[in-house]
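2 protein chains.
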Amino acid sequence: MTDFELLRKNIAQYIPITDTEFEQFTAHFHLKKIKKKEFLLREGDICKYEAFVTKGCFRIYYSNENGDAQILYFATETWWATDIDSFINQRPSTLNIEALEDSEVLVISKLHKDALYETLPKVEKMFRIMNQKSLVTFQRRVISSLGKTADKRYLEFIEKYPELEQRLNQQQLAAYLGISHEFLSKIRKKLSSR
Amino acid sequence: MTDFELLRKNIAQYIPITDTEFEQFTAHFHLKKIKKKEFLLREGDICKYEAFVTKGCFRIYYSNENGDAQILYFATETWWATDIDSFINQRPSTLNIEALEDSEVLVISKLHKDALYETLPKVEKMFRIMNQKSLVTFQRRVISSLGKTADKRYLEFIEKYPELEQRLNQQQLAAYLGISHEFLSKIRKKLSSR
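The listed protein sequences correspond, in order, to chains A and B.
In this text, residue positions in the first sequence follow this note's numbering: the first is 171, and each later residue adds one.
In this text, residue positions in the second sequence follow this note's numbering: the first is 171, and each later residue adds one.
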């Protein structure tokens, strides 16, 4: 499947779209290749693009007060990667978006996205629903981060993203769960001995 | 200002709306009065309504694994209060929505809200933008909860919501910050002695 076919399949989940409309929709997207360890966005920069991941994997993270990286989420194929706060408000980003593998994304600028709402109003519905889904994900993330034990958070993660666990190293997963990698390794040992 | 005037003022921030459209929009909203300590939603129930607060104050909270209440956010006048996960997916709620003061809300059911997107497509834009704003708020909340010290979280809160601090007791604010009220009282003492 090409990058654009993947995007089309993703959109079709939200709204029916004709060939002509899809052409309009994608006219201002372009493909970016990001090598492993390269950044799509760095803290302090303004998030210029919203990116649809067609290949690879990114970590979206911020630095806590001790300077440790805390991972907000991972974005793999068919996920969108962006600092929405920086993108919408065009203010300096608090997030970093780094490729964990050689990756490819389709990107659109804020200017072009805003124009799209005018020329193709049906994308309002699409992004309204997408934003809703992201809100649900964020809400679950907050509840899980603040209200559940690390054991439970780990189990939820591997149940929800079994394929992703294989692609991440222990350090990355620990930074997502908000624990040290030593502690993650203890949890894993404990659970596997059950 | 009446309840509906407040709602109209809120909507006008997102989209221009005519009198006729506003009538269409509000046809399926109705007013609910909730007494202090009463619940708009209880954990385990399905969130039937999205609520626009016109008077009073709610705490939206969940119980962590120790059974302590952790506050996700407060909703006062012109905020929307809902468990979006439960409302969208019509699954049992993980959240409680409790009135901290005698309150009033304008509510709409999922059925009527879904119908509204069909009869008045411009509300797609409105809720797309509203969802975007909520996403930004959630993202900041996650970054703040996981990445910042309690002192800083407290200072951010009183800077951002000075009026709200006056309406909350120490316990409520501590439950929002994710700390004990003894610890909050220490922070307050420390900061006031500076």
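Backbone N, C-alpha and C define an ideal beta-carbon position, used for all residues, glycine too.
Taken atom to atom, the span from the alpha-carbon of Lys218 of chain A to that of Glu208 of chain B is near 45 Å. Using a Cβ-Cβ cut-off of 8 Å, Leu210 of chain B does not count as an interface residue toward chain A, since no Cβ of chain A sits closer than that to its own. In the DSSP secondary-structure assignment, Ser263 of chain B is not bridged to any residue. As summarised for the segment 205 to 285 of chain B, the continuous alpha helix (DSSP H) elements at least 4 residues long and confined to that stretch are 254 to 259, given in chain order. DSSP places Leu361 of chain A in the helix class (H, G or I) of the three-state scheme. Looking at the DSSP output, Lys203 of chain B bridges to B:Glu274. Cβ contact annotation for Tyr184 of chain A (same chain, cutoff 8 Å, sequence separation greater than five): Lys295, Met296, Ile299, Met300, in chain order. Less than 8 Å separates the beta-carbon of Ala345 of chain B from that of Tyr231 of chain B.
Leu210 of chain B is a Cβ neighbour of Ile267 of chain B, given a cutoff of 8 Å. Inter-residue distance for Glu326 of chain A and Gln342 of chain A is about 16 Å (C-alpha atoms, whole angstroms). With a beta-carbon spacing of about 5 Å, Gln240 of chain A and Leu316 of chain B fall inside the 8 Å limit used to define contacts. Within chain B, Leu316, Gly317, Lys318 have C-beta atoms less than 8 Å from the C-beta of Asn234 of chain A, given in sequence order. Chain B has no Cβ within less than 8 Å of the Cβ of Asp284 of chain A. When DSSP states are grouped into helix, strand and coil, Met171 of chain B belongs to the coil group. Cα atoms of Glu335 of chain A and Ala251 of chain B: separation of roughly 35 Å, rounded to the nearest angstrom. When DSSP states are grouped into helix, strand and coil, Asn180 of chain A belongs to the helix group.
Contact check for Arg178 of chain B and Phe192 of chain B: beta-carbon distance about 6 Å, within the 8 Å limit, so the pair qualifies. Across the set B:Gly237, B:Ala245, B:His200, the C-alpha of B:Ala245 shows the shortest separation from the C-alpha of Val223 of chain B. The beta carbons of His351 of chain B and Ile278 of chain B sit no closer together than 8 Å.
Ranked by Cα distance from Asn236 of chain B, the first of B:Leu338, B:Gly348, B:Val306 is B:Gly348.
A Cβ-Cβ distance of about 14 Å is found for the pair Leu242 of chain A and Leu270 of chain A, leaving them out of contact under the 8 Å criterion. Between Asp272 of chain A and Lys202 of chain A, the C-beta gap is not smaller than 8 Å, which leaves the two residues out of contact.
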